[in-house]
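Peer 1: Those protein sequences? They're chains A and B, same order as listed.
When you read off a place in the first sequence, starting at 1, and then add 46, the result is the number in this note's numbering.
When you read off a place in the second sequence, starting at 1, and then add 9, the result is the number in this note's numbering.
Where is the CB? At the ideal position from N, CA and C, for every residue including glycine.
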Amino acid sequence: MTVTVKTFDRLADAASAISTERGAHFLSGGTLLMRAVNEADPAIKTIVRSTDPAFRHIAVSSARVELGAGATMAAILAERELALLHQVARAVGGPAVREAATVGGNLFAPSPYGDFAAALLALDATVTLAGGYGERELQLEELLGRRDRGATLVSKVTFRRPPGDAFRFAKVTRVHPKGLSVLSIAALLPLASVRITGARIAYGAMGRTPLRAKAAERALEGRSLDAAGIAPALAVAADGTSPSDDAIASAWWRREILPIHLRRLLLGADQV
Amino acid sequence: MKTPIQLRLNGEDVATFADGGANLLDVLRYSVGDLTVKGGCWQGTCGTCTVLVDGAPRLACVTLAESCSGNSVETVAGLRRGADLHPLQTAFMEHFAAQCGYCTPGMLMAAKALLDRNPNPTREDVVDAICGNICRCTGYEPIIAAILDAARKDARRSA
Ligand SMILES: Cc1cc2nc3c(=O)[nH]c(=O)nc-3n(C[C@H](O)[C@H](O)[C@H](O)COP(=O)(O)OP(=O)(O)OC[C@H]3O[C@@H](n4cnc5c(N)ncnc54)[C@H](O)[C@@H]3O)c2cc1C
Numbered sequence: 047m048t049v050t051v052k053t054f055d056r057l058a059d060a061a062s063a064i065s066t067e068r069g070a071h072f073l074s075g076g077t078l079l080m081r082a083v084n085e086a087d088p089a090i091k092t093i094v095r096s097t098d099p100a101f102r103h104i105a106v107s108s109a110r111v112e113l114g115a116g117a118t119m120a121a122i123l124a125e126r127e128l129a130l131l132h133q134v135a136r137a138v139g140g141p142a143v144r145e146a147a148t149v150g151g152n153l154f155a156p157s158p159y160g161d162f163a164a165a166l167l168a169l170d171a172t173v174t175l176a177g178g179y180g181e182r183e184l185q186l187e188e189l190l191g192r193r194d195r196g197a198t199l200v201s202k203v204t205f206r207r208p209p210g211d212a213f214r215f216a217k218v219t220r221v222h223p224k225g226l227s228v229l230s231i232a233a234l235l236p237l238a239s240v241r242i243t244g245a246r247i248a249y250g251a252m253g254r255t256p257l258r259a260k261a262a263e264r265a266l267e268g269r270s271l272d273a274a275g276i277a278p279a280l281a282v283a284a285d286g287t288s289p290s291d292d293a294i295a296s297a298w299w300r301r302e303i304l305p306i307h308l309r310r311l312l313l314g315a316d317q318v
Numbered sequence: 010m011k012t013p014i015q016l017r018l019n020g021e022d023v024a025t026f027a028d029g030g031a032n033l034l035d036v037l038r039y040s041v042g043d044l045t046v047k048g049g050c051w052q053g054t055c056g057t058c059t060v061l062v063d064g065a066p067r068l069a070c071v072t073l074a075e076s077c078s079g080n081s082v083e084t085v086a087g088l089r090r091g092a093d094l095h096p097l098q099t100a101f102m103e104h105f106a107a108q109c110g111y112c113t114p115g116m117l118m119a120a121k122a123l124l125d126r127n128p129n130p131t132r133e134d135v136v137d138a139i140c141g142n143i144c145r146c147t148g149y150e151p152i153i154a155a156i157l158d159a160a161r162k163d164a165r166r167s168a
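(1) Taking a Cβ distance cut-off of 9 Å, strictly less, list which residues of the segment 48-81 of chain A are near chain B, in chain order.
(2) Pick helix, strand or coil for residue 108 of chain B, following the three-state DSSP scheme.
(3) If I measure Cβ to Cβ from residue 51 of chain A and keep anything under 6 Å in the same chain, skipping five residues before and after, which residues do I get?
(4) Using only CA atoms, which one of A:107, A:139, A:108, A:110 lies nearest to residue 118 of chain A?
(5) Which chain A residues sit within Cβ distance under 9 Å of residue 98 of chain B?
(6) Run down chain B in chain order and give the residues with a C-beta less than 9 Å from the C-beta of residue 224 of chain A.
(7) Run down chain A in chain order and give the residues with a C-beta less than 8 Å from the C-beta of residue 10 of chain B.
(8) Taking any Cβ of chain B, which residues in the segment 114-142 of chain A have a Cβ under 9 Å from it, in chain order?
(9) Measuring alpha carbon to alpha carbon, tell me which of B:162, B:75, B:26 ends up nearest residue 95 of chain B.
(10) Can you give the Cα-Cα distance for residue 200 of chain A and residue 170 of chain A, rounded to whole angstroms?
(11) Given this structure, state the Cα-to-Cα distance separating residue 101 of chain B from residue 242 of chain A, to the nearest angstrom.
(12) When we look at the beta-carbon of residue 285 of chain A and count the other beta-carbons within 10 Å, is it buried (16 or more) or exposed?
(13) Answer yes or no: does any C-beta atom of chain A fall closer than 8 Å to that of residue 119 of chain B?
(14) What residues are listed by DSSP as bridge partners for residue 81 of chain B?
(15) Can you grab the Cα-Cα spacing for the pair residue 126 of chain A / residue 10 of chain B, in whole Å?
(16) Could you run through the segment 34-65 of chain B and flag, in chain order, every residue whose CB is less than 7 Å away from some CB of chain A?
(17) Tell me the residue span of the beta strand (DSSP E) that contains residue 112 of chain A.
(18) So what's residue 71 of chain A in DSSP terms, helix, strand or just coil?
(19) Under 8 Å between C-beta atoms, does residue 125 of chain B make it to chain A?
(20) I want to verify the contact list: residues of chain B whose CB lies under 7 Å from the CB of residue 83 of chain A, in sequence order.
(21) Out of A:83, A:115, A:207, A:232, which has the shortest C-alpha to C-alpha gap to residue 109 of chain A?
(22) Under 8 Å between C-beta atoms, does residue 95 of chain A make it to chain B?
(23) What runs of the beta strand (DSSP E), each 3 residues or longer, lie entirely inside the segment 164-230 of chain A?
(24) Could you name the residues of chain A that residue 75 of chain B contacts, counting a contact when the two beta carbons are closer than 7 Å?
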């Protein structure tokens with residue numbers, strides 16, 4: 047079965063095409079969508095792509111980071127100013143996957159994929175949606191909640207650059223150095239003197255989409271990052287999660303090991 | 010509908026037509042006739058179809074062929090240096106890094122991508138470079154040894 051491929055210079059035109067044509071799917075890096083095309087998935091009738099340079103653009107200032115949704119993991123790794131995301135980008139597949147896999151595609155990747163999306167969720171990212179009649183912004187959390195409705199084209203993702211070493215990330219896999227997630231954890235841990243204020247914790251592979259650990263976030267408020275301070279957060283670490291059984295791990299196992307890895311991430315390797 | 014595709018394949022211009030949605034692997038094998046590129050899973054999982062697009066490793070099976078139009082593509086067919094094998098090919102033979110040989114084209118291209126960018130890799134660099142390539146025969150150690158050896162010999166030659 048062949049599909050029709052439509053390539054647009056402007057992202058807005060690509061957005062119009064996917065919102066008006068039934069069976070039209072946006073192709074970014076293609077690491078997931080091309081699998082479906084190779085399998086002759088009858089739902090894919092048209093592939094829509096865009097060569098708009100703005101789609102791949104990365105802009106970093108001292109206060110803000112803006113990632114074009116078409117930026118690849120390799121492009122992020124090549125950007126020295128994005129060191130805070132290097133561990134996350136390196137966690138997505140092997141080198142050949144990273145050359146193609148994009149930020150935008152990661153937001154739509156089914157669990158257990160979505161490691162980069164989990165990091166962006168912890169960073170409180172905002173997504174910009176392209177449309178034939180202009181752009182609009184949405185919190186990433188909201189997008190994740192409705193991403194399966196389709197006909198959405200993300201043009202870029204922005205977030206405020208976190209202070210110092212407030213951002214942490216860990217991916218748990220069975221195969222090293224590259225493996226799919228048993229789970230991933232991203233945490234933004236702003237400190238006011240020695241107390242945490244406004245922590246954001248996000249998990250990958252602990253639900254249908256990356257999700258926030260809101261109970262753990264609340265339990266960390268005003269606490270210090272030591273064994274006693276984080277104990278209440280660990281007790282509620284798995285609240286609100288709904289992991290799946292898959293070839294990588296059972297849901298039970300994911301829930302069991304979650305607090306162990308959250309503890310390691312919060313305390314830092316030297317304190318565990 | 011067929012789409013025209015032009016590539017610079019191993020230094021030579023080639024032009025062909027591809028079905029809509031065709032992946033680069035199928036176009037290289039069935040339209041262009043470069044059978045040195047192998048297909049394993051058509052899911053991006055095994056790595057045997059690894060080729061270089063503008064010098065970067067790519068999984069040909071999950072790469073839309075027409076997105077590479079105008080780009081340079083390298084496959085194992087272009088590795089030889091005149092009458093000589095590429096140092097990586099020689100090292101693979103010397104270290105018995107190929108058994109059934111199915112993963113070998115992808116391993117060679119993943120290794121070439123590494124050495125082109127980093128001629129003095131550490132063992133860790135090598136493991137990362139081939140971590141998307143599955144080998145079910147060798148246990149990987151002979152492959153890692155071959156890549157490190159090829160890097161050492163190339164460094165000595167250019168010193
Ligand atoms: C071998 C292998 C290993 C992998 N390992 C990992 C891993 O460790 N961690 C991980 O997170 N993922 C992994 N992945 C999955 C995948 O590579 C990544 O999630 C990647 O970021 C997806 O991006 P893409 O550009 O390739 O998406 P595509 O395949 O182009 O698209 C995927 C989906 O997202 C939609 N989409 C893409 N871009 C947009 C956009 N801008 N707006 C709206 N919709 C969009 C597409 O329509 C499609 O439905 C792996 C994949 C493979 C093949």
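Peer 2: In brief:
(1) 48, 49, 50, 51, 53, 73, 75, 76, 77, 78, 79, 80, 81
(2) coil
(3) 93
(4) A:139
(5) Here the premise fails: no neighbours, minimum Cβ distance about 20 Å.
(6) 137, 140, 141
(7) 48, 50
(8) 120, 136, 139, 140, 141, 142
(9) B:162
(10) 16 Å
(11) 53 Å
(12) exposed
(13) yes
(14) B:17
(15) 43 Å
(16) 51, 52, 53, 56, 59, 65
(17) 110-114
(18) strand
(19) no
(20) 30
(21) A:207
(22) yes
(23) 172-176, 182-185, 199-206, 213-219
(24) 51
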